[in-house]
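Colleague: Chains as they are written, first to last, in UniProt numbering: chain S, 1 to 208; chain B, 1 to 208.
So that we are looking at the same thing, I have put the structure below in structure tokens.
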DNA sequence: TGTGAAAACTAACGGCGTAAGGTTAGCGTG
DNA sequence: CACGCTAACCTTACGCCGTTAGTTTTCACA
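Here it is as structure tokens:
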């Protein structure tokens, strides 16, 4: 039954379903066939809307990026703007950990990423940073965010999970451990962000 | 001709060849068949030495990690130790950009990563940091390194490469552009690392 | 009213990771 | 020295994968 009277698919529906499957089952179990099945359709039909699988993944990456709030520079304080941006960026990625590699790789057409970058860069320059520094600061904060989002557990800096499970083989302990890991990740990020912004304060006094 | 008199393969030879192919052709064009062909062997033969492809990739990740120098804490100055470690870590990854996702994902059995983490953590504690802070500091510096290594061009914070290529369509300019991108990445990392360590100095005074 | 584009389909190609099972070289034991 | 076991190679095949080609039908527009 080709060409249905009301369309079964749309670019948005495909992209949103892809993200849902990635969240649920991980990045490498996502296939065009599985995605199509979830949409009640045959795999080849997706190619009417996206030229390749990579383009679908690109759309997912742009969707995540679009949720980042880079508006915190409006009041003119670059410190607040930077902190708000970094936290929002990390939150957006942390809500979809399985999709992080799509954003981290930096490959593909990333229109929404360029928009975000522009906003941050503009905010920093507006606040008195030389453009060259604005580029580097945006870069280094992005590094911190991408790194924080990429690694599941900050760590391996604590013992291997299996060791804990062997020592405390009840589920409750296992759950507590996962919560601990997330808290360590979060606190490490906050410490890093705070130290970074504080350190930039020094630089600011010498160049702005 | 099964079971040759002198072995054709070894775990190390397979792992080294995998890294070479990844460096040359990228991560997703590496297949067990291609790897085997490069080694003059059939694909299934690799499974005598590694149980799955992921185990091969894990071995590559551990190889890269093992080249990181975490010995800079020996003289007792945590600032030097941290800077040395971070730079060495980033250098190790930057020499094999196509392999970075293997290290960034944090998946798999990463024995050499745990060894490195232990060394850093120990160095920080030795220098007077409370263990809880040592964990977070090692985490946040690792974030910066992983993020810096993950993104090909810091940026998008500068204009899209294609724009430059359209504007200056000769090869010489393209090469200069790549050099510029690498310099921006490098400088951004150094600025971030410097600011981070400076910021930690403040924290150190209040907790150590 | 007719025509061409668009959105679905079915079928197929080549490549993938990996499992199953065959063959022979080398090694430890009687 | 003989014998059998294990290990390292092989061939073959299964069920996926991304993608292309070609078909049918509906919709939008001239």
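Idealized CB from N, CA, C, for every residue including glycine.
Quick caveat: nothing in here was measured; it's all calculated off a predicted structure.
When the cut-off is 9 Å and only beta carbons count, does residue 167 of chain B lie next to chain S?
Modeller: On the second chain, position 167 is the one that residue 167 of chain B refers to. Confidence at residue 167 of chain B is low in this model, with a pLDDT of 40, below 50, so the placement of that residue is unreliable and no value is reported for it.
Colleague: Report yes or no: do three or more beta-carbon pairs, one from the region 126–140 of chain B and one from the region 55–72 of chain B, lie closer than 8 Å?
Modeller: By the Cβ test, the region 126–140 of chain B is not in contact with the region 55–72 of chain B, since fewer than three Cβ pairs between them sit closer than 8 Å.
Colleague: What runs of the alpha helix (DSSP H), each 4 residues or longer, lie entirely inside the UniProt domain "HTH tetR-type" (8–68) of chain S?
Modeller: 11–25, 32–38 and 53–66
Colleague: For residue 70 of chain B, decide whether its Cβ has a neighbour in chain S, counting only Cβ atoms nearer than 9 Å.
Modeller: The sequence position of residue 70 of chain B within the second chain is 70, counting from 1. Chain S has no Cβ within less than 9 Å of the Cβ of residue 70 of chain B.
Colleague: DSSP three-state label for residue 192 of chain B, please.
Modeller: Walking along the second chain from the start, residue 192 of chain B turns up at place 192. Here residue 192 of chain B sits in helix by DSSP.
Colleague: Answer yes or no: do residue 52 of chain S and residue 71 of chain S have a C-beta to C-beta separation smaller than 9 Å?
Modeller: Stepping through the first chain from its first residue, residue 52 of chain S is reached at position 52. Stepping through the first chain from its first residue, residue 71 of chain S is reached at position 71. Contact flag unset, no.
Colleague: Whole angstroms is fine: what's the gap from residue 107 of chain B's alpha carbon to residue 57 of chain S's?
Modeller: As a first step, residue 107 of chain B must be located in the second chain, where it is residue number 107. As a first step, residue 57 of chain S must be located in the first chain, where it is residue number 57. Roughly 21 Å between the two C-alpha positions.
Colleague: Helix, strand or coil for residue 186 of chain B? Go by DSSP, reduced to three states.
Modeller: The residue labelled residue 186 of chain B in the question sits at position 186 within the second chain. For residue 186 of chain B, the secondary structure class from DSSP, reduced to helix, strand or coil, is helix.
Colleague: Following the continuous alpha helix (DSSP H) through residue 113 of chain B, name the residue where it begins and the one where it ends.
Modeller: Working through the second chain from its first residue, we reach residue 113 of chain B at position 113. Segment 111–126, the alpha helix (DSSP H) holding residue 113 of chain B.
Colleague: Between residue 204 of chain S and the ligand ZN, is the CB less than 8 Å from at least one heavy atom?
Modeller: The ligand ZN is absent from the structure shown, which contains no ligands of any kind.
Colleague: Along the region 121–144 of chain B, what residues have a CB closer than 9 Å to any CB found in chain S?
Modeller: 121, 132, 133, 134, 135, 136, 137, 138, 139, 140, 141, 142, 143 and 144
Colleague: Are the region 93–101 of chain S and the region 21–31 of chain S in contact at 8 Å, needing three or more beta carbon pairs?
Modeller: yes
Colleague: Can we say the region 182–198 of chain B touches the region 136–149 of chain S, given the rule of at least three CB pairs closer than 8 Å?
Modeller: yes
Colleague: DSSP state of residue 85 of chain S, grouped into three classes?
Modeller: Position 85 of the first chain, counted from the start, is the residue given in the question as residue 85 of chain S. Looking at residue 85 of chain S - three-state DSSP - the assignment turns out to be helix.
Colleague: Alpha carbon to alpha carbon, how far is residue 9 of chain B from residue 47 of chain B? Give it in angstroms, no decimals.
Modeller: Translated into the one-based positions of the second chain, residue 47 of chain B becomes position 47. Translated into the one-based positions of the second chain, residue 9 of chain B becomes position 9. Their backbone Cα atoms lie some 11 Å apart in a straight line.
Colleague: On the CB-based measure, 16 or more other CB atoms within 10 Å of its CB, does residue 148 of chain B come out buried or exposed?
Modeller: Residue 148 of chain B sits at position 148 when you count from the first residue of the second chain. So residue 148 of chain B ends up on the buried side.
Colleague: Count the other CB atoms, across all protein chains shown, that sit within 10 Å of the CB of residue 192 of chain B; report buried if there are 16 or more and exposed otherwise.
Modeller: Within the second chain, numbered from 1, the residue matching residue 192 of chain B stands at position 192. Residue 192 of chain B comes out buried.
Colleague: Around the C-beta of residue 20 of chain S, are 16 or more other C-beta atoms found within 10 angstroms, so that it is buried, or is it exposed?
Modeller: Translated into the one-based positions of the first chain, residue 20 of chain S becomes position 20. The residue is exposed, with fewer than 16 neighbouring Cβ atoms inside 10 Å.
Colleague: Counting contacts by CB-CB distance shorter than 9 Å, is residue 4 of chain S in contact with chain B?
Modeller: Here the question's residue 4 of chain S lines up with position 4 in the first chain. It does not; no Cβ of chain B falls within 9 Å.
Colleague: In or out: residue 134 of chain B buried (at least 16 other Cβ within 10 Å) or exposed?
Modeller: Indexing the second chain from 1 puts residue 134 of chain B at position 134. Buried is the call here.
Colleague: I'd like the span of the alpha helix (DSSP H) that includes residue 97 of chain S, first residue to last.
Modeller: Within the first chain, the letter at position 97 stands for residue 97 of chain S. Element bounds for residue 97 of chain S: n/a, residue is neither H nor E.
Colleague: Does the beta carbon of residue 161 of chain B sit closer than 9 Å to a beta carbon anywhere in chain S?
Modeller: Taking the second chain and counting its residues from 1, the one referred to as residue 161 of chain B is at position 161. In this prediction, residue 161 of chain B scores a pLDDT of 45, lower than 50, which makes its location untrustworthy; no coordinate-derived value is stated.
Colleague: With burial defined as no fewer than 16 other Cβ atoms inside 10 Å of the residue's Cβ, what is the status of residue 40 of chain B: buried or exposed?
Modeller: As a working note, residue 40 of chain B is residue 40 in the second chain. It counts as exposed.
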